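Below is one structure, written out as structure tokens, with a few remarks after it.
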């Protein structure tokens, strides 16, 4: 309606301007003073000019009238589309084919190149390090490197630091898995809470001490159980830089299985908690334990305003290569980024692990001697049989020299004279004695090293950001900027192997049930957050907030934290103990049930016409979800809608921000069912049997499938009635292949069923979009392919398929004008010929008419070709001649098509090379 008014006003304005211009011209002529002076006698020349002008004005008015008529017709057409009846619902034809009417008002959106930065690839400077190229070039030979088994011998000169001292930051840390050998709660009770309690007291004893923490999930649980005095002390430690929270995510997530929605969600949850409770904003990322690293993480961290990050678990051969080329620190850039907008500075730890024996330098036998938790008399010792020794005045010089040698060797692998040395391991610092042993002994070593200027070293405790800040300062750049001479890398670090051929790839698919449950919870969380937000906003605007259960927000928060917890690199990966996995499952199910409650309450409120009639009753919910789970390890059981004389209503929700067309399947108690839209319009449906196994039908349960369009972020309502609409109801037909197996098959009279006892041929299912084919012996999927629609040059449409191998060539010799030979592709698509277009069946021979040639500077070849190698295939034909080159022009050909090519006259033979399904 708004568009109609605008166009009408515009047309009227044009008309008024034209008429007013004519009026002014005629008025000027009538009041021309020359005319009055001459007694009204015009010279013939002036009369002729005036007459011509009047004729021109008449022509302009006529054209203006035509323009107004066209505008009026367009407005009427647009109005009819905008205010007319709703779009047609899908229906089916007599042969059982479904017809989905096109949208009455298709929308076309322009795409700016800035919206797709990968389209600009190649314009910027290419990264020096591309992981695909590096992985192809590396031998992965695992040569013994000596004390550094997976590396090489490192040498240096004592004078390498004469110009600039070596600056060493030793970073105490404790990696706390929120579930692995023990459950999250058990880890917290037995170890984590003691680590954090000791942290507060021990860091306050000496302002030179530092500590690093990553898992906000544990920290938040501990925070809820400490007093105000201890909370204030923690805030002071964060404020003065003694305690750093790195990354700030709810967990240290897996980077292979987690969906980016969940990754962002757990990062936001952690950051918001830190901002609310500590007033802290993370600056650096810390990922020492995920089993391989994805470029998605640095992209997200960069968007979260972090300036640097650290990674550890990278294939040992890649670490060795990067160490030998001094590329362990780099700017990590996205593959599609044409400039530096996604760059994040990354530090890769060079050695086997993040534990103390593999962090001070290349020799774990020596480094283990400086893990003072392993002092004699403790519960753990060094596997290399050389225990640590407490630092005293008598041995400090010798022990400091031994440690400095490792520091110097490690620093030779990097491009700066700033060195990072992590000091920690899993669940370290859980006893006060360990805090004392580590901090006292290391401080004595630092004091000795720092007192010897001739050693050219400054060592201290530090946090991760302390290290990065010092590196940026040494290289003369702002935090987050690219230091001069440091490389740029793109790609990922999968797959990970820690030694020999021990590849960590099984976790990609292990415990798939819980990986699936993770996605189910994720989808429900997305829907619940949207519906809750819409319902609360409406309730507050309408003054009904007191009637709506705002307490549902706590359920959303708990579910968000449960989803975040499961992104932990030992949770969604399936690498935890069985009891821990069960604990995760119980948490997931509990949150899923809570989210369904939130969805029910919000949908109930939103579908009501009279919002004041809304009443929240947790004991008697107005709606019921379409499935239930009895246990965390049980498959969902779908709700069967019991049909009777009263209509049943189904509320559907589309959580996407775009209109969605999909098939909704419901279980009902009768095959006699009619489905109506919100407006009461009957909808096309398909009725099917409900199978409990390959041969068993569930009695008195039927599946009704309804194609339906749902608005973006909108609700829809279906009405189910007991009855039968024969015109709009399609009963399904079933074929069961037994392949000689003696199995009994249950039947239902309502649906035709055909049992095929023998035959091992493959079979396929297809529509105009795709085809999938299956093994006739096993029934397992063997292949699939996508079809597409393409526009013909004259506006026609043809169906095609992606892929294609075996190209027929049609040749002709102009001197004899002989009929060109044709090559025919035979056989139907099958997995044994993977290049065959998957949607093109029923092969037909290719044929063509004679080719014509004219003699001139260029020869023009013309002919007609029928391109129907398979039904439904779109062919693309290019001119081809004997030199083996092809024209840059091509023609889509789905039926008989006339093709013409203009080529140099020196060519004596000509052909059209046709490819099925290649546009």
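Numbering (this note's numbering), first residue to last: 41 to 959.
The beta carbon of each residue, even a glycine, is placed where N, CA and C say it ideally should be.
From a predicted model like this one, the values you see are computed outputs, not experimental measurements.
Residue i: first and last residue of the uninterrupted alpha helix (DSSP H) it sits in
i           : result
residue 278 : 268-279
residue 310 : 300-317
residue 748 : Counting along the chain, residue 748 falls outside any alpha helix (DSSP H), though it belongs to the beta strand (DSSP E) covering 737-750.
residue 756 : Element bounds for residue 756: not the alpha helix (DSSP H) but the beta strand (DSSP E), 755-762.
residue 769 : Not the alpha helix (DSSP H): residue 769 falls in the beta strand (DSSP E), residues 769-771.
residue 604 : 592-606
residue 285 : Looking at the DSSP string, residue 285 is not in any alpha helix (DSSP H); the run it does join, the beta strand (DSSP E), is 283-285.
residue 174 : 171-177
Residue i to residue j span [Cα, whole Å]
i           : j           : result
residue 189 : residue 603 : 39 Å
residue 468 : residue 678 : 47 Å
residue 786 : residue 730 : 11 Å
residue 752 : residue 718 : 16 Å
residue 435 : residue 477 : 16 Å
residue 178 : residue 335 : 20 Å
residue 271 : residue 254 : 18 Å
residue 641 : residue 333 : 40 Å
residue 225 : residue 763 : 54 Å
residue 891 : residue 824 : Low confidence applies here, because residue 891 scores a pLDDT of 40, under 50, leaving its location unreliable and the question unanswered by this model.
residue 497 : residue 451 : 12 Å
residue 459 : residue 493 : 18 Å
residue 293 : residue 608 : 4 Å
residue 432 : residue 411 : 15 Å
residue 525 : residue 818 : 58 Å
residue 344 : residue 301 : 14 Å
residue 490 : residue 556 : 55 Å
residue 365 : residue 417 : 42 Å
For residue j and residue i, believed in contact at Cβ under 8 Å, the rounded distance
i           : j           : result
residue 283 : residue 258 : At roughly 14 Å, the Cβ-Cβ gap does not stay under 8 Å, so residue 283 and residue 258 are not in contact.
residue 256 : residue 288 : 6 Å
residue 551 : residue 621 : 6 Å
residue 584 : residue 350 : 50 Å between Cβ atoms; not a contact.
residue 361 : residue 533 : That pair is no contact at about 12 Å.
residue 466 : residue 217 : 7 Å
Cβ shell of residue i (< 8 Å), same chain only, five flanking positions each side left out
i           : result
residue 408 : 396, 397, 414, 422, 423, 424, 426, 428
residue 616 : 219, 220, 221, 610, 624
residue 681 : 688, 690, 706, 707, 708, 709, 760
residue 648 : 654
residue 720 : 759
residue 455 : 366, 369, 523, 525, 526
Residues of its chain near residue i, where Cβ-Cβ distance is below 7 Å and the 5 sequence neighbours each way are ignored
i           : result
residue 664 : 679
residue 565 : 599, 600, 603, 635
residue 290 : 256, 257, 306, 309, 310, 601, 604, 605
Sequence-distant residues of the same chain with beta carbon closer than 6 Å to residue i, five excluded per side
i           : result
residue 672 : 625, 626, 629
residue 389 : 352
residue 373 : 167, 382, 383, 528, 530
residue 404 : 397, 398
residue 801 : 816
Nearest neighbour of residue i, chosen from the options [CA to CA]
i           : options            : result
residue 500 : 171, 473, 461      : 461
residue 738 : 569, 755, 708      : 708
residue 638 : 495, 572, 720, 612 : 572
residue 728 : 712, 716, 650      : 712
residue 619 : 196, 223, 364      : 223
residue 480 : 694, 375, 249      : 249
residue 643 : 754, 715, 736, 606 : 754
residue 548 : 201, 171, 198, 295 : 295
Residue i - containing beta strand (DSSP E), residue span
i           : result
residue 207 : 206-215
residue 967 : Since the displayed the chain opens at 41 and closes at 959, residue 967 lies outside it and no answer follows.
residue 548 : No beta strand (DSSP E) holds residue 548; DSSP gives it neither H nor E.
residue 714 : 713-716
residue 439 : Looking at the DSSP string, residue 439 is not in any beta strand (DSSP E); the run it does join, the alpha helix (DSSP H), is 436-451.
residue 726 : 725-731
residue 387 : 384-388
residue 324 : 324-327
residue 371 : 369-373
residue 700 : 700-708
residue 812 : 810-814
residue 775 : 774-777
Residue i Cβ short of 7 Å to the ligand FMN heavy atom set
i           : result
residue 529 : With respect to the ligand FMN, the structure offers nothing, as it holds no ligand at all.
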